[in-house]
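One structure is given here, and the rest of the page talks about it.
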Amino acid sequence: MIGFVTALGRWTRETIANTGFAARVLFEIVRSSGGLLRRFRLITTQIHFIGNYSLLLIAVSGLFVGFVLGLQGYYTLNKYGSEQALGLLVALSLTRELGPVVTALLFAGRAGTSLTAEIGLMKAGEQLSAMEMMAVNPLQRVLAPRFWAGVIAMPILAAIFSAVGIFGGYIVGVQLIGVDEGAFWSQMQGGVDVWNDVLNGVLKSVVFGIAVTFIAVYQGYQSQPTPEGVARATTRTVVMASLSVLWLDFLLTALMFS
Amino acid sequence: MSNLVEIRNLHFRYGERPILSALDMVFPRGKVIAVMGGSGSGKTTVLRLIGGQLAPQSGSVTVKGERVDPSNVRALYAMRRKMGMLFQHGALFTDMSVFDNVAFPLREHTDLPEEMIHDLVLMKLHTVGLRNAAQLKPSEISGGMARRVALARTIALDPELIMYDEPFAGLDPISMGMTANLIRKLNDALGSTTILVSHDVQESFLIADYVYFLSKGAIVAQGTPAEMMASSDPYVRQFVHAEPDGPVPFHYPGKSLAEDLGLGTRA
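Those protein sequence lines, which keep their order, are chains A and G. Going by this note's numbering, the residue at position 169 of the first sequence is 173; the numbering climbs one at a time, nothing skipped. Going by this note's numbering, the residue at position 91 of the second sequence is 746; the numbering climbs one at a time, nothing skipped.
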């Protein structure tokens, strides 16, 4: 019993300390980001690395999700004679939920792991220590540009995912199954609200961008500088980022659409 | 002030494990000082304490009369601008070319125009004999070359203090001689002070003005290389003459072989 209480106490203390340290790192990243405006090239390079290299995965995934939505939506709506609302269903599903969430999950697997491994290997190769010894703060020079690049890239990728997904739904619903094209687009136009649906989706993807990218860079920064340590950190990034996205999605949905 | 770096009554431990105890060292300006000792003797920890990457539990480290205080980040970074450190494996930025690696501190800490940075970087690379490798990536050069590029990066801002962590480790004899020669020449040309952490006796004694021998976190001997060569101290003799057994035992301390095999207790 004493052993259990001791272990619980240690876990609680470590969790509080780790959370505090993570908050400090995030604060430092944000605080030291002012200088990045003068050197925006550091961010654009990372946007290219993170965003551009994730583009194909996001676009192809969006297309297939759109295909599936088109099919499933048609089967369900057809039972009630409402297949004309297929465009609305596809668009709302993508802009409100699937676009931001699936993009964030894919982003965590594609770019998040890459960020964690890169920073972890920089640490293992003493590159971060070398930077510190050159009086250059790695939080400012390495973590901050990657963090902001992720925050900027995520909503853009989510928008691309949703747009390609709607196109996928159109191909299946209109071109293959034969739903009326005019009804498909007009129902979508009439039912999707820019402020409530599209912008809330964008806001979600910004929050996911902050969560996923911070988890990725923080795990890399905190990883043990060994091959095993970097591997563990990369796994933690996927697990923590995915769970955070799903939990935040529930929270944001409850706040936005209640 | 004649000493650039001073360490006074310094104690340092990792958790409960003591690493350095009651350490006193001075590093006079313009000199090449070697800090030698076996693996785990605390040599690299001394460098990390001087660089402010670690904080001692008690005692002090001063550079140019200013106390090194890792909790005061602004002052520490200002102090580090006067320092250069060469890491054991170079620690080059693998996503940058050789040129960009050397240009890195110049771009970070100066507002020099790119043309001037270009010329300065080529001059630094010329000093280490790698001007023509400027456009290569770290993955395209050998370990010895990487060490020389890291050396060029270390001296990019003409530091007053240059620290080397095992600069000869893993180098072939030609690269080793080349690196040792560069360390001495750069120290004299820049008028800087050099702290050389190494366990390579031959090369270190060739270029050092003074030597500290560390064992188990304390100084066991000190003097000029000639004095160390003539020393009758058992630890120094074992180290300098590479004797396999002595004060540093061949066997890891613990139970005897007879005890482990159960000899004497069997009927």
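The beta-carbon is built from N, C-alpha and C at its ideal position, and this holds for glycine as well. Source: prediction; values computed, not measured.
Legend entry - Pick from E898/G, L816/G and K910/G that is closest to V687/G, judged by C-alpha positions: Counting from 1 along the second sequence, the entry for residue 687/G is found at position 32. Residue L816/G is the option with its Cα nearest to V687/G.
Legend entry - 7 Å CB neighbourhood of P104/A in its chain, flanking five on each side removed: For the purposes of this step, residue 104/A is identified with residue 100 of the first sequence, where counting begins at 1. Only A162, G205, K208, S209 and F212 meet the Cβ criterion.
Inset, instruction - Kindly indicate which three-state DSSP category V739/G falls into: helix, strand or coil? - result: In the second sequence, the residue the question calls residue 739/G occupies position 84. Checking the sequence, you will find Gly at residue 739/G rather than Val. Correct three-state label for G739/G: strand.
Legend entry - Nearest neighbour of F151/A, chosen from M138/A, Q76/A, A215/A and S133/A [CA to CA]: For this step, residue 151/A is matched to residue 147 along the first sequence. Selected option, being the one with the closest Cα: A215/A.
Inset, instruction - For the stretch 785-803 of chain G, enumerate the residues whose C-beta is nearer than 9 Å to any C-beta of chain A, in chain order. - result: none
Inset, instruction - Compare the beta carbon distance of V891/G and M883/G with 8 Å and say whether it is the shorter of the two. - result: In the second sequence, residue 891/G corresponds to position 236, counting from 1. In the second sequence, residue 883/G corresponds to position 228, counting from 1. It is a contact, given that the beta carbons lie within the stated cut-off.
Inset, instruction - For E671/G, count neighbouring C-beta atoms within 10 Å of its own C-beta (all shown protein chains included) and say buried if the count is 16 or more, exposed if not. - result: Taking the first residue of the second sequence as 1, we reach residue 671/G at position 16. With fewer than 16 other Cβ atoms within 10 Å, it is exposed.
Legend entry - Rounded separation between Q226/A and G24/A - CA only: For the purposes of this step, residue 226/A is taken as the residue at position 222 of the first sequence. For the purposes of this step, residue 24/A is taken as the residue at position 20 of the first sequence. Roughly 13 Å separates the two Cα atoms.
Legend entry - Length of the line joining the Cα atoms of W15/A and F8/A: The count along the first sequence starts at 1 and reaches residue 15/A at position 11. The count along the first sequence starts at 1 and reaches residue 8/A at position 4. Roughly 10 Å separates the two Cα atoms.
Legend entry - Close Cβ partners of V69/A (< 8 Å) along its chain, the five nearest in sequence each way excluded: On the first sequence, position 65 is the one that residue 69/A refers to. Cβ within range, chain order: L98, L102, V106, F165, G169 and G172.
Inset, instruction - Reducing DSSP to helix, strand and coil, say where A885/G ends up. - result: What you label residue 885/G is simply residue 230 of the second sequence in a count that begins at 1. Coil.
Inset, instruction - Compute the Euclidean distance between the alpha carbons of F667/G and S870/G, then round it to the nearest angstrom. - result: The residue given as residue 667/G occupies position 12 in the second sequence. The residue given as residue 870/G occupies position 215 in the second sequence. Their Cα atoms are separated by approximately 14 Å.
Inset, instruction - Return helix, strand or coil for T749/G, following the three-state DSSP convention. - result: On the second sequence, residue 749/G is found 94 positions in, with the first residue counted as 1. Looking at T749/G - three-state DSSP - the assignment turns out to be coil, as it is neither helix nor strand.
Legend entry - Member of L247/A, L132/A, L256/A and M192/A whose CA lies at the smallest distance from the CA of L96/A: As a first step, residue 96/A is located in the first sequence; it is residue number 92 there, counting from the start. The residue with the shortest Cα to Cα distance from L96/A is M192/A.
Legend entry - Listed by chain order, chain A residues near Q708/G by CB distance under 9 Å: Sequence index remark: in the second sequence, residue 708/G carries index 53 (1-based). In chain order: S133, E136 and M137.
Inset, instruction - Could you tell me whether the Cβ of A746/G comes closer than 8 Å to any Cβ of chain A? - result: In the second sequence, residue 746/G corresponds to position 91, counting from 1. At least one chain A Cβ lies under 8 Å of A746/G.
Inset, instruction - Using the Cα positions of A89/A and L73/A, report the straight-line distance between them to the nearest angstrom. - result: To locate residue 89/A, count along the first sequence from 1; it is residue 85. To locate residue 73/A, count along the first sequence from 1; it is residue 69. A89/A and L73/A: Cα-Cα distance of roughly 12 Å.
Inset, instruction - Anything in chain G within Cβ reach of G129/A, meaning under 8 Å, just list it in chain order. - result: Stepping through the first sequence from its first residue, residue 129/A is reached at position 125. Neighbours of G129/A on chain G, chain order: H744, A746 and T749.
Inset, instruction - Would you kindly check if the distance between the Cβ of V852/G and the Cβ of E821/G is under 8 Å? - result: Position 166 of the second sequence, counting from 1, holds the residue named residue 821/G. Position 197 of the second sequence, counting from 1, holds the residue named residue 852/G. Taking 8 Å as the Cβ cut-off, E821/G and V852/G qualify as a contacting pair.
Inset, instruction - Answer yes if the stretch 127-147 of chain A comes into contact with the stretch 736-755 of chain G, meaning at least three C-beta pairs across the two stretches below 8 Å, and no otherwise. - result: yes
Inset, instruction - Tell me T848/G's beta-bridge partners as DSSP assigns them. - result: Mapped onto the second sequence, residue 848/G falls at position 193. DSSP, once it has assigned bridges, lists L816/G as partnering T848/G.
Legend entry - Residue span of the alpha helix (DSSP H) that contains I874/G, given as start and end: Translated into positions along the second sequence, residue 874/G becomes position 219. That residue, I874/G, is in no alpha helix (DSSP H); its beta strand (DSSP E) goes A873 to G878.
Legend entry - Within 9 Å of chain A by C-beta, residues of the stretch 704-732 of chain G in sequence order: G706, G707, Q708, V728, L731 and Y732
Legend entry - Cβ-Cβ separation, H764/G to L812/G (assumed contact under 8 Å), whole Å: Translated into the one-based positions of the second sequence, residue 812/G becomes position 157. Translated into the one-based positions of the second sequence, residue 764/G becomes position 109. Contact holds; Cβ gap of about 6 Å.
Inset, instruction - Tell me whether F261/A is buried or exposed, calling it buried when 16 or more other Cβ atoms sit within 10 Å of its Cβ. - result: In the first sequence, residue 261/A corresponds to position 257, counting from 1. The residue in question, F261/A, is exposed, as its Cβ has fewer than 16 Cβ neighbours within 10 Å.
Inset, instruction - Check the Cβ of V140/A against every Cβ in chain G and list those closer than 7 Å, keeping chain order. - result: Within the first sequence, numbered from 1, the residue matching residue 140/A stands at position 136. Those are E763, listed as they occur along chain G.
Inset, instruction - Would you check if the distance between the CB atom of V856/G and the CB atom of F823/G is smaller than 8 Å? - result: Stepping through the second sequence from its first residue, residue 856/G is reached at position 201. Stepping through the second sequence from its first residue, residue 823/G is reached at position 168. Not in contact: V856/G and F823/G (Cβ atoms no closer than 8 Å).
Inset, instruction - Return the residues of the stretch 753-777 of chain G that lie within a Cβ-Cβ distance of less than 8 Å from chain A, sorted by chain order. - result: F759, P760, E763 and H764
Inset, instruction - Just mark V757/G as buried or exposed, buried being the case when its beta carbon has 16 or more other beta carbons within 10 Å. - result: As a first step, residue 757/G is located in the second sequence; it is residue number 102 there, counting from the start. Result: buried.
Inset, instruction - Classify L250/A as buried or exposed, calling it buried when 16 or more other Cβ atoms lie within 10 Å of its own Cβ. - result: As a first step, residue 250/A is located in the first sequence; it is residue number 246 there, counting from the start. Exposed, by the Cβ-count rule.
Inset, instruction - Specify the secondary structure class of I796/G as computed by DSSP and reduced to three states. - result: Taking the first residue of the second sequence as 1, we reach residue 796/G at position 141. Reduced to three states, the DSSP call for I796/G is coil.
Legend entry - Within chain A, the residues that M740/G reaches when beta carbons sit closer than 7 Å: Counted from its first residue, the second sequence places residue 740/G at position 85. In chain order: M137.
Inset, instruction - Quick one: grab the DSSP three-state call for N658/G. - result: Counting from 1 along the second sequence, the entry for residue 658/G is found at position 3. Residue state, collapsed to three classes: strand.
Inset, instruction - Would you be able to state if there are at least three C-beta pairs under 8 Å between the stretch 123-135 of chain A and the stretch 234-244 of chain A? - result: yes
Inset, instruction - Return the first residue and the last residue of the alpha helix (DSSP H) that T230/A is part of. - result: Counted from its first residue, the first sequence places residue 230/A at position 226. It is not in any alpha helix (DSSP H) - T230/A carries neither H nor E in the DSSP assignment.
Inset, instruction - Confirm, please, whether the CB-CB distance from S715/G to L665/G is below 8 Å. - result: Working through the second sequence from its first residue, we reach residue 665/G at position 10. Working through the second sequence from its first residue, we reach residue 715/G at position 60. Taking 8 Å as the Cβ cut-off, L665/G and S715/G qualify as a contacting pair.
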